[in-house]
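Structure, as structure tokens:
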Amino acid sequence: MTIIVLLLLLDFALTTALSWLNLAYLRRRAAAPLPPEWAALLDTSRFPQMVAYREANTWLAQGARITDLAVTLGILLSGLLPGLARWAAALPAARVVQGLAVLAVLGAISYIAGLPWGLLSDFGVERKFGFSTITWKTWLSDQVKSLLLLLVLGVPLAGALLFLMERMGETWWLPAWGFVTLFQLLVAYLAPVVIFPLFNKFEPLQDEALREEIFALARKAGFPLGGVFQINASLRSTHSNAYFTGFGKSRRIALFDTLLEQLSHPQILAVLAHEIGHWKKRHILKGMVGGILLSGLGLAVVAWVLARPWLYTVMGMEDLYRAVGPVGPVAAVGLYVFGVVASPLGLLLAPIANGISRRREYEADAYSLELYDHPTALEEGLIRLT
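Read in this note's numbering, the sequence shown has 373 at position 321, and its numbers run on one by one without any break.
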């Protein structure tokens, strides 16, 4: 347990240090003279507000981190986990249901702990700086819909994993890997046509001239585009964005209505050319394949860890492990502890992931200029999105 606590404290210290170092760097850059090539593009009068916005979000994130650390340490050190597992194991239900009960309680604790910080972000910081337009009605509707999606998608996924753990022994991760992969592909296919429209209104792009320009750009790149839609993102925020989503017949471009108001046609086309660049350079495919391989590796490691008796000895539930095995409520506790430990270890991979991401962004920028040779429009569009 000492090692787990030290990992959590180290993760907290490093994340906090990086957050404040980033803020300090931003302050220095905002106070320094701009290079001539940037002076004509950036409105320096907005720099103080930009720094203030980042500082407010840094403090907000710090509060959320402190809360998360306190709650996690409380769960680990209070004896809640073994008590929760024993309570669930006594329920007159199948082991899978008992495991789901443990995950539901832990998930509820996490949700409640994070709720105040989400509210402070939406109705505090974002509103103070003129970004948030969300109403309490919309916020509550989002929470209910998110919970329903969790019940429809998350519970079956978790239940399937717990079922495979119980029936397949230590090799459960192999069929689980296949199931998770198919599940992710299905969600990626259905999300643009089923899930996303639950939260925003999607309608065909009303600007016919822009729509034709976008389709022409896609044809020039050989990009198979299923449709171009605009969404009422202004219902929640004035932030703007554009993204590709789905694959096959569900592949589409979604443009925030705020983007359509803030960017000109050339700027929008340049930004979309950048996004097409990710597809052209196979970044999306590489990311998908990499994600599938990493999920397989992750599940294999989880299977190995959950089968180790020392994990449950550390948690003070060795007796329950011997009586039940690494299934149901015991497996649910093991999954939680593994997730707690994996988060700090993931921080070690962040520099590699950031390096890959940055290189791919540069490649997409370069392709954007090949496809749509308007460098000024790309500069201005990306600056407005930042």
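Backbone N, C-alpha and C define an ideal beta-carbon position, used for all residues, glycine too. Owing to the predicted nature of the structure, the values given are computational and were not obtained by experimental measurement.
Range covered by the alpha helix (DSSP H) that runs through residue i
i	result
Q101	99-129
R79	54-83
P244	Here P244 belongs to no alpha helix (DSSP H), and DSSP marks it neither H nor E.
P249	Unbroken run through P249: none, as it is neither H nor E.
P396	380-423
A92	Counting along the chain, A92 falls outside any alpha helix (DSSP H), and DSSP gives it neither H nor E.
M220	207-220
S316	Premise fails: S316 is in no alpha helix (DSSP H) and is neither H nor E.
A141	132-141
S173	Where S173 is concerned, there is no enclosing alpha helix (DSSP H), given that its DSSP letter is neither H nor E.
Residues sharing a beta bridge with residue i, DSSP
i	result
V280	I305
T297	R304
P256	F281
R184	A small fix is needed here, since residue 184 is Ser in this sequence, not Arg. Bridge partners of S184: S289.
Straight-line gap, residue i to residue j (C-alpha atoms, nearest Å)
i	j	result
G339	A402	15 Å
D259	R412	31 Å
A210	G230	14 Å
P249	L242	11 Å
S347	A405	15 Å
F175	L397	33 Å
F251	Y373	42 Å
P361	R98	57 Å
S184	M102	15 Å
L423	K272	8 Å
L171	H317	35 Å
D63	V246	37 Å
Q319	A429	5 Å
A384	E431	48 Å
L133	V232	26 Å
L143	Q150	7 Å
P381	R147	7 Å
T223	G206	22 Å
E89	I56	49 Å
A141	G377	11 Å
L199	T54	34 Å
F390	L94	45 Å
Q441	R80	This structure cannot settle anything about residue 441, because the visible part of the chain is limited to 53 through 438.
L70	A240	32 Å
W111	V123	18 Å
L202	L78	37 Å
W191	P427	39 Å
F299	L421	25 Å
Residue from the options with nearest C-alpha to residue i
i	options	result
V357	G151, W225, P144, S289	W225
L234	E89, V341, A355, E370	V341
Q195	L78, Y163, V207, E222	Y163
H29	F296, L269, Y105	An answer regarding residue 29 cannot be provided, because it is not within the stretch 53 to 438 covered by the chain.
L155	G182, I127, V177	I127
G278	L125, H291, F267, R304	R304
G221	L167, V379, E313	V379
T290	G115, E313, Q236	E313
A322	L351, L434, A212	L434
K510	A104, A137, T110, A160	Because the chain spans 53 through 438 in this model, residue 510 falls outside it and cannot be assessed.
A352	W191, P227, L129	P227
L437	I344, S130, L307	L307
Cβ-Cβ separation, residue j to residue i (assumed contact under 8 Å), whole Å
i	j	result
A165	D120	7 Å
L311	N284	Incorrect: roughly 12 Å between the Cβ atoms, too far for contact.
F281	E255	6 Å
H326	D417	6 Å
L75	L399	The Cβ separation is near 18 Å, so there is no contact.
L158	Y364	Not confirmed; about 16 Å, so no contact.
V392	L136	Contact doesn't hold; Cβ gap of about 14 Å is too wide.
L169	A116	In the sequence as presented, Leu is not what sits at residue 169; that position holds Trp. The Cβ separation is near 4 Å, so the contact holds.
Beta carbon proximity, residue i to chain D, threshold 9 Å
i	result
S173	Of the chains in the structure shown, none is chain D; there is only one protein chain.
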